[in-house]
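Residue numbers (mature numbering (1 follows the signal peptide of the UniProt record, and there is no 0)): -23 to -1, 1 to 205.
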């Protein structure tokens, strides 16, 4: 009895043949010996064996896949440098002013307490005055001499009260100069100490004023006196 064809065994031999053979076609031999044993091989059957051949087309290997290019390292985006602008208010100046009497005081401006004062307060003399009957008062530097009487005497006119005389005034301001910043901070600190001293004996209304002044001084010192 002829042994049946075994496709599984044929496929195994075909695979082995594909790995070793280089030809485009592959010939497989189906050999049956005297005992009926079936053998599939890629060489001719032995002498005395029944031989059948089958030719198969060798599968063509697909072309190699192109090697994927090595990806370039990801370029990190340039970090944007954050720029912060800090605006610092410049220190506020403090001025020391001197009155004509020699009294000293401090001020936030160099205006020097501008004011109008009479001229006599500055040492100027009062102006000399002369009056004529029936006329308004006049101002002169020195008295005007009375002219001599010519002709018959005349009846004197009634005397009227002398009007007020405006002696003049002028615009003055105290002399001021800016203090060094270290001295400014020392003066502000002294003022804070004075506020604390007065606060103990102050009335409630005055304490409210002192509280406002203290807050303003502390804010000013925090901005202007950190280095002192």
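Ideal Cβ placement from N, Cα and C applies to all residues, glycine included.
Bridge partner(s) assigned by DSSP for residue i
{"i": "residue 86", "result": "Per DSSP, none; premise fails for residue 86."}
{"i": "residue 94", "result": "147"}
{"i": "residue 16", "result": "8"}
{"i": "residue 44", "result": "Bridge partners of residue 44: none, in fact."}
{"i": "residue 75", "result": "81, 152"}
{"i": "residue 53", "result": "Residue 53 is not bridged to any residue."}
Per-residue DSSP class, three states only, for residue i
{"i": "residue 158", "result": "helix"}
{"i": "residue 99", "result": "helix"}
{"i": "residue 61", "result": "coil"}
{"i": "residue 205", "result": "coil"}
{"i": "residue 32", "result": "strand"}
{"i": "residue 81", "result": "strand"}
{"i": "residue 26", "result": "coil"}
{"i": "residue 39", "result": "coil"}
Cα-Cα separation, residue i to residue j
{"i": "residue 70", "j": "residue 53", "result": "51 Å"}
{"i": "residue 50", "j": "residue 44", "result": "18 Å"}
{"i": "residue -19", "j": "residue 37", "result": "With a pLDDT of only 49 at residue -19, under 50, the local geometry of the prediction cannot be trusted, and no value is derived from it."}
{"i": "residue 205", "j": "residue 199", "result": "10 Å"}
{"i": "residue 184", "j": "residue 191", "result": "10 Å"}
{"i": "residue 22", "j": "residue 16", "result": "9 Å"}
{"i": "residue 3", "j": "residue 19", "result": "8 Å"}
{"i": "residue 195", "j": "residue 172", "result": "12 Å"}
{"i": "residue 116", "j": "residue 145", "result": "Summary for residue 116: the model assigns pLDDT 42, below 50, so the residue's position carries little reliability, and this model does not support an answer."}
{"i": "residue 187", "j": "residue 176", "result": "7 Å"}
{"i": "residue 162", "j": "residue 68", "result": "10 Å"}
{"i": "residue 174", "j": "residue 100", "result": "40 Å"}
{"i": "residue 14", "j": "residue 47", "result": "56 Å"}
{"i": "residue 39", "j": "residue 58", "result": "53 Å"}
{"i": "residue 56", "j": "residue 87", "result": "50 Å"}
{"i": "residue 84", "j": "residue 201", "result": "16 Å"}
{"i": "residue 8", "j": "residue 41", "result": "37 Å"}
{"i": "residue -5", "j": "residue 31", "result": "With a pLDDT of 47 at residue -5, under the threshold of 50, the predicted position of this residue should be treated as unreliable, though the coordinate-derived value follows. Each residue's Cα considered, the two are about 18 Å apart."}
Supposed contact pair residue j and residue i - C-beta distance, whole angstroms, cut 8 Å
{"i": "residue 6", "j": "residue 34", "result": "At roughly 17 Å, the Cβ-Cβ gap does not stay under 8 Å, so residue 6 and residue 34 are not in contact."}
{"i": "residue 92", "j": "residue 149", "result": "6 Å"}
{"i": "residue 72", "j": "residue 153", "result": "4 Å"}
{"i": "residue 197", "j": "residue 165", "result": "7 Å"}
{"i": "residue 74", "j": "residue 167", "result": "With a Cβ gap of about 17 Å, residue 74 and residue 167 do not count as contacting."}
{"i": "residue 147", "j": "residue 60", "result": "Not quite, the Cβ-Cβ distance comes to about 55 Å (not below 8 Å), so this is no contact."}
Item checked: Runs of beta strand (DSSP E) lying entirely within the stretch 149 to 202, each at least 3 residues, in chain order -> As far as the stretch 149 to 202 is concerned, its whole beta strand (DSSP E) runs of at least 3 residues are 152 to 155.
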